[in-house]
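One structure below.
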Amino acid sequence: MTLPPNPSDPAANQPPSGADTPAPAQPQAPGPEQPAAPQYAQPQQPAPQYAQPQYAQPQYAQPQYAQPQYAQPQYSAPQQPQPQTWAPPYAPEPGPGEPFDGATDPADIERPLYGATFGQAIARFFRGYAKFSGRASRSEYWWAMLFAGLTRIACLILMGIGAIVGAAWEQNQPYSASYSGGQDFTRSGPEGITDYAPAAFLFFAGVILFVIVGLGLLLPSLAISWRRLHDGNFAGPLWFISLVPYGGIAVFVLTLLRSKPTGRRFDTPRAWPASA
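Position 118 of the sequence shown, counted from 1, bears residue number 118 in full-length UniProt numbering, the numbering being contiguous throughout.
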């Protein structure tokens, strides 16, 4: 067993005998001290990192092929060309001003009053009772004809009432019958229309009024019919066609036609006041 050296023992610090003692190192002559070369650190360049490109497998969608749909062809009947219809040219409504030059005042009988009321038409009917120049609108004419017709009907109704009253009175009166030669029968008794005063009055009053009305309306009716033909741009003497068989139908149709601006040629020229 080897014990550790004792530091207090000098022999322990001596080298063993016979051992090679190294020669002392020769001192180096001092020389000029060479400056140390500067040390440059080699710059550390990081190696570029190249990522391996990732190539994804391209995905190709499977094309969808739809089943083609074939529509059932629709076969329609061939269209026949429609004949071109003729449209009448636009005509303005009759009225005051151009182009019809109608009356603006109902009292003005020198010009036709378009859109006349019943009262206005009757007043103009009698005011122009003998006026054959100028024009009359359809409203003037037909309101006047309605008035004339109702007046005549009133007279006929009065006559009918008288006849009915007389007939009823006659049925209640006694009568006598006689035979002539054994074959002819004769009835005698009062007559209702002639023998019964109320019935006679009503009946004959209706007759008289009918005649008076007919004569009183004859000239105004002729004049307004004349002017109505003018308003349709027809000559007034065409009214005489109504005197022949079935001619009244033709005149009736003419009075139904629309007003025409060219009928102004039958108007009486306006009397303009003389300038001072």
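Heads up, the beta-carbon is just placed ideally off N, CA and C, and yes, glycines get one too.
Quick caveat, the model's predicted, so the values are computed rather than measured.
Original post:
Among the residues of its own chain, which have a CB less than 7 Å from the CB of residue 233, if the five just before and after it don't count?
Top reply: Looking up residue 233 in the sequence shown gives position 233. 260, 262, 263.
**OP:** Would you kindly report the start and end of the unbroken alpha helix (DSSP H) that includes residue 108?
**Re:** What you label residue 108 is simply residue 108 of the sequence shown in a count that begins at 1. Counting along the chain, residue 108 falls outside any alpha helix (DSSP H), and DSSP gives it neither H nor E.
**OP:** Report the option in 127, 134, 115 whose CA atom is closest to the CA atom of residue 228.
**Re:** For this step, residue 228 is matched to residue 228 along the sequence shown. Nearest option by C-alpha distance: 134.
Subject >> Spatial neighbours of residue 223 in its chain, beta-carbon cut-off 8 Å, leaving aside the 5 residues before and after >> reply: Taking the sequence shown and counting its residues from 1, one reaches residue 223 at position 223. Result list for residue 223: 128, 129, 130, 131, 132, in chain order.
Subject >> Cα-Cα separation, residue 258 to residue 138 >> reply: Here the question's residue 258 lines up with position 258 in the sequence shown. Here the question's residue 138 lines up with position 138 in the sequence shown. The straight-line gap from Cα to Cα measures roughly 8 Å.
Original post:
DSSP state of residue 102, grouped into three classes?
Top reply: Residue numbering aside, residue 102 sits at position 102 when the sequence shown is read from its first letter. Here residue 102 sits in strand by DSSP.
Subject >> Under the three-state DSSP convention, the category residue 25 falls into >> reply: Looking up residue 25 in the sequence shown gives position 25. Unreliable placement is indicated for residue 25, whose pLDDT of 49 sits below 50; the coordinate value is still reported in the next sentence. The answer is coil: DSSP assigns residue 25 none of H, G, I, E or B.
**OP:** Please name the residue, chosen from 253, 152, 105, that lies closest to residue 225 on a Cα-to-Cα basis.
**Re:** For the purposes of this step, residue 225 is identified with residue 225 of the sequence shown, where counting begins at 1. For residue 225, the nearest C-alpha among the options comes from 253.
Original post:
Looking only at DSSP bridge pairs, what is residue 220 linked to?
Top reply: The residue given as residue 220 occupies position 220 in the sequence shown. Paired residue(s): none; residue 220 is not in a bridge.
Original post:
If you draw a straight line from the C-alpha of residue 201 to the C-alpha of residue 241, how long is it?
Top reply: Indexing the sequence shown from 1 puts residue 201 at position 201. Indexing the sequence shown from 1 puts residue 241 at position 241. Residue 201 and residue 241: Cα-Cα distance of roughly 38 Å.
**OP:** Grab me the residues of residue 151's own chain with a C-beta within less than 8 Å of its C-beta, minus the 5 sequence neighbours each way, in chain order.
**Re:** Looking up residue 151 in the sequence shown gives position 151. Counting only Cβ-Cβ distances below 8 Å, and skipping sequence neighbours, we find 213, 217.
**OP:** Kindly identify the DSSP beta-bridge partner or partners of residue 96.
**Re:** Here residue 96 refers to the residue found at position 96 when the sequence shown is read from its first residue. Bridge partners of residue 96: 102.
**OP:** Inspect the beta-carbon positions of residue 163 and residue 203 and report whether they are closer than 8 Å.
**Re:** Sequence index remark: in the sequence shown, residue 163 carries index 163 (1-based). Sequence index remark: in the sequence shown, residue 203 carries index 203 (1-based). Closer than 8 Å, so yes.
Original post:
Can you round the beta-carbon distance between residue 158 and residue 209 to whole angstroms, since I take them to be within the 8 Å contact cut?
Top reply: Taking the sequence shown and counting its residues from 1, the one referred to as residue 158 is at position 158. Taking the sequence shown and counting its residues from 1, the one referred to as residue 209 is at position 209. 7 Å between Cβ atoms; contact.
**OP:** Evaluate residue 25 with the Cβ neighbour count: other Cβ atoms within 10 Å of its Cβ, from every protein chain shown; 16 or more gives buried, anything less gives exposed.
**Re:** Counting from one through the sequence shown, the residue named residue 25 turns up at place 25. Any answer about residue 25 is weak, because its pLDDT of 49 lies below 50 and its placement is not dependable; what the coordinates show is given next. It counts as exposed.
Original post:
Cβ of residue 231 within 8 Å of Cβ of residue 99?
Top reply: Locating residue 231 in the sequence shown gives position 231, counting from the first residue. Locating residue 99 in the sequence shown gives position 99, counting from the first residue. Not in contact: residue 231 and residue 99 (Cβ atoms no closer than 8 Å).
**OP:** Name the residue from 173, 101, 248 whose alpha carbon lies nearest to the alpha carbon of residue 266.
**Re:** Residue 266 sits at position 266 when you count from the first residue of the sequence shown. Nearest option by C-alpha distance: 101.
Original post:
How should residue 126 be labelled, buried or exposed, when 16 other C-beta atoms within 10 angstroms of its C-beta is the threshold for buried?
Top reply: Sequence index remark: in the sequence shown, residue 126 carries index 126 (1-based). Exposed is the call here.
**OP:** Return the chain-ordered list of same chain residues with a C-beta closer than 6 Å to the C-beta of residue 323, the five sequence neighbours on each side being excluded.
**Re:** This structure gives no information on residue 323, because the portion of the chain shown stretches from 1 to 276.
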